[in-house]
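Read the structure below first, then the notes.
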Amino acid sequence: MEEYEVYIPNKPKGFFLDPRTKILFMIFITTIMSVGYKDILISLISAIVAIALLLSNRQFKIALIYGGLFILAVMAHFTKNMYTLPTIINTIFVLLNALILRLFPIFMLGYYVVMSTKTSEFIAAMIEWKIPNAFIIPIAVVFRFIPTLQEEHSSIKAAMKMRGISFKNKKAWKNPSLYLEYVTIPLIVSVVKIGDELSAAAISRGLGGLKRRTSVVKVSFTLYDALILCISIAFIGLFLYRR
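Here the numbering used here is used: the first residue of the sequence shown is 17, the next is one more, and so on.
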């Protein structure tokens, strides 16, 4: 009688957080930012942690964009009394600045969670939590949908560039609505197609089955998750101290 080797999932290398840690930490930061959004120090530390997580996942471009805008918002916050702007412009400026300081750390963490978590890792983590399939399947489709949509958008832009359609082209500036049409319509068609394909793929992989689903990935808490726990405790201490 032949003996078959038991498959042992490979442990992830480098900096790796359990999907459950990512989700709980994002909920925690969202709650902290909602309650203590007026505290610039909490917003600043939240942004630094979010940028560090993006850099750990090699998302340098997004970290630079979000980080640069956040730094500009912080500078504007500390220099707002040094100049006077017209009422309407000042209202818009203050609103945008407040939105960046309050929401950008959450946006950065959300982007990190979606882009750094594989669908199989998310499903395995939710199964460990004994979450119902009615919740797992839609969220798993969303996790796969966003990166796929991003790839589709890049392909559309590449196809437009080959045909000489770009914002760098003077013709596009003369008729910007035509440029948006070339982007929007193919993207809408792709969204419908991608949604159907991902739903079919989820069902074909047995996500709707009645039996417990096995996984080829291993999710477990590590020292990195303990580090995030320590950061969360430090956040709570800082929040209570500054209250």
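We treat Cβ as the ideally placed atom computed from N, Cα and C, and that holds for glycine.
Boundaries (first-last residue) of the alpha helix (DSSP H) holding residue i
{"i": "Arg36", "result": "Pro35 to Val51"}
{"i": "Pro102", "result": "Segment: none, Pro102 is in no alpha helix (DSSP H) and carries neither H nor E."}
{"i": "Phe255", "result": "Leu239 to Arg258"}
{"i": "Phe32", "result": "First-last for Phe32: undefined, no H or E at that position."}
{"i": "Pro163", "result": "Asn149 to Met178"}
{"i": "Lys77", "result": "Phe76 to Phe94"}
{"i": "Val65", "result": "Ile56 to Ser72"}
{"i": "Thr133", "result": "No alpha helix (DSSP H) contains Thr133, which DSSP labels as neither H nor E."}
Candidates the options, of which the one nearest residue i by Cα
{"i": "Lys96", "options": "Thr37, Phe123, Phe109 and Ile67", "result": "Phe109"}
{"i": "Ile264", "options": "Lys77, Gln166, Ile247 and Leu196", "result": "Outside the displayed span of the chain (17 to 259) sits residue 264, for which this structure offers no information."}
{"i": "Val16", "options": "Thr37, Phe159, Leu69 and Ile64", "result": "Outside the shown range of the chain (17 to 259) lies residue 16, about which nothing can therefore be said."}
{"i": "Met42", "options": "Ile152, Leu117, Ala156 and Leu125", "result": "Leu125"}
{"i": "Ala250", "options": "Gly30, Lys38 and Ile45", "result": "Ile45"}
{"i": "Val233", "options": "Phe123, Ile61, Ser136 and Ile104", "result": "Ser136"}
{"i": "Phe94", "options": "Leu60, Phe151, Ile172 and Ser171", "result": "Leu60"}
{"i": "Arg118", "options": "Ile252, Glu168, Val207 and Val51", "result": "Val51"}
Beta-carbon proximity check, residue i vs residue j, cutoff 8 Å
{"i": "Ala92", "j": "Asn73", "result": "no"}
{"i": "Met49", "j": "Pro121", "result": "yes"}
{"i": "Asp55", "j": "Arg258", "result": "yes"}
{"i": "Ala79", "j": "Leu85", "result": "no"}
{"i": "Pro35", "j": "Thr133", "result": "yes"}
{"i": "Leu254", "j": "Ile64", "result": "no"}
{"i": "Tyr128", "j": "Ala89", "result": "no"}
{"i": "Ala140", "j": "Val235", "result": "yes"}
{"i": "Phe237", "j": "Thr37", "result": "yes"}
Residue i burial status per 10 Å Cβ neighbour count (16 or more: buried)
{"i": "Met17", "result": "At Met17 the pLDDT is 45, less than 50, meaning the model places this residue with poor confidence; the figure from the coordinates comes in the next sentence. With fewer than 16 other Cβ atoms within 10 Å, it is exposed."}
{"i": "Ser193", "result": "exposed"}
{"i": "Phe76", "result": "exposed"}
{"i": "Glu197", "result": "exposed"}
{"i": "Met98", "result": "exposed"}
{"i": "Thr100", "result": "exposed"}
{"i": "Ala242", "result": "exposed"}
{"i": "Leu256", "result": "exposed"}
{"i": "Leu115", "result": "exposed"}
{"i": "Leu111", "result": "exposed"}
{"i": "Phe138", "result": "buried"}
{"i": "Leu239", "result": "exposed"}
{"i": "Ile152", "result": "buried"}
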